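**Q** First the structure, then my questions, so here it is.
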């Protein structure tokens, strides 16, 4: 076994496939894990018949000398009979993100993949930094650098805050440095489709029939874009659309009518699995519907607005949209049946049809 010096660690080539492990010749238990992209120091020892492995940190952020001294400290602690897995320093942003996204009670897979994609895109250069090395000034500068998309800037850095605060549960970290950020003011996009006759003409002019049906279903159900594009035929039942997992982390059944089945009928022969199939997509279904002047969320807001204007109570509209009720009673006790919600869906769909025709 070699002595893991700074020079030796620096010259080690990255692994081609699995992780290579290099044990130190002098400090028993000190090991350097070399992967495809990173080199990481650990201290490892068998205690009570079980292997204890303690993360020291990434090389070269943690030098060979610092890793050696830390490992000696762990060896001394365990020699005294502590036998506990100690923690040293803070996790990297990448490690903290992985721990946060692994939570079993977290939202849907779509939410997880979206959070990961956003951070890896906008905070890529921070991924290997320990959380306590990401300063207030760094966060403020990054937030300002993203000022062209205020909502996106706020969202990315709030995701960072959530991950940081989750790491604080198990690591000794100061208050999240996002406290220094002056958040951009966000003006909600409240646009709806004001002229449904114009909408009808726009949809009819689309060359792809799958996209035409997609936008029709959005308008007549109020479904979210992701909920719609990932629909499978097994979810379309006679009286409902069943969503096994939604944005708020629970399943949802939406009552549907004959008009919904008529909208979907042209797509039945195209795929046994996906409602909106796409042979060009790796996923098997459409991922980016054709861009039109009425974006997908405008359809959802229009469904809600028309339903309320037709006399459906706001609370019932919220149920059709699968919004989480604000009251404790609404959250924990009331569970309206499909039959109870069906009249509201009938009112909304009739009003939408009337406005398209008239």
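Numbering (the UniProt record's numbering), first residue to last: 1 to 358.
Beta carbons: idealized from backbone N, C-alpha and C, even for Gly.
Note that this is a predicted model, so its numbers are computed, not measured.
(1) In the structure shown, what three-state DSSP assignment does residue 57 receive?
(2) Among 182, 55 and 239, which one has its Cα closest to the Cα of residue 151?
(3) Contact between the stretch 230 to 241 and the stretch 254 to 263: three or more CB pairs below 8 Å?
(4) Helix, strand or coil, according to DSSP, for residue 277 in the structure here?
(5) For a test of the three-state rule: what should DSSP assign to residue 312, helix, strand or coil?
(6) Can you find the residues in the same chain that come closer than 8 Å, C-beta to C-beta, to residue 192, ignoring five residues on each side of it along the sequence?
(7) Within 8 Å, do at least three Cβ pairs link the stretch 94 to 105 to the stretch 149 to 163?
(8) DSSP puts residue 303 in a beta bridge; with which residues?
(9) Kindly provide the ranges of any alpha helix (DSSP H) runs that are 4 or more residues long and lie completely inside the stretch 186 to 271, ordered along the chain.
(10) Do residue 66 and residue 131 come within 8 Å of each other at the CB atom, strictly closer than that value?
(11) Classify residue 345: buried if its beta carbon has 16 or more other beta carbons within 10 angstroms, exposed otherwise.
(12) For residue 250, which residues of its own chain have a beta-carbon under 7 Å away from its beta-carbon, when the five flanking residues on both sides are left out?
(13) Leaving aside the five residues before and after residue 202 along the sequence, list all residues of the same chain whose C-beta is less than 6 Å from its C-beta, in chain order.
(14) Could you give the C-beta distance for residue 196 and residue 61, rounded to a whole number, given that I count them as a contact under 8 Å?
(15) For a test of the three-state rule: what should DSSP assign to residue 19, helix, strand or coil?
(16) Measure the Cβ-Cβ separation of residue 3 and residue 111 and say whether it is below 8 Å.
(17) Should residue 236 and residue 282 be called a contact, given that it needs their Cβ atoms to be closer than 8 Å?
**A** Taking the coordinates as given:
(1) The three-state secondary structure of residue 57, taken from DSSP, is strand.
(2) Residue 182 is the option with its Cα nearest to residue 151.
(3) Output reads yes: the stretch 254 to 263 touches the stretch 230 to 241.
(4) In the structure shown, residue 277 sits in a strand (DSSP, three-state: E or B).
(5) Residue 312: coil per DSSP, three-state reduction.
(6) Contacts found: 298, 301, 302 and 305.
(7) Judged by Cβ distances under 8 Å, the stretch 149 to 163 makes contact with the stretch 94 to 105, as three or more pairs qualify.
(8) Checking the DSSP bridge columns, you'll see residue 303 has no partner listed.
(9) You should have 196 to 204, 209 to 221, 225 to 229 and 258 to 264.
(10) Not in contact: residue 131 and residue 66 (Cβ atoms no closer than 8 Å).
(11) Classification for residue 345: buried.
(12) Closer than 7 Å at the Cβ level, and outside the excluded window around residue 250, lies no residue.
(13) If we look at residue 202 and ignore the five residues flanking it on each side, its Cβ neighbours are 292.
(14) With 8 Å as the limit, residue 196 and residue 61 do not qualify as a contact, their Cβ atoms being about 58 Å apart.
(15) Residue state, collapsed to three classes: coil.
(16) Not in contact: residue 3 and residue 111 (Cβ atoms no closer than 8 Å).
(17) In this structure, residue 282 does not lie closer than 8 Å to residue 236 by Cβ.
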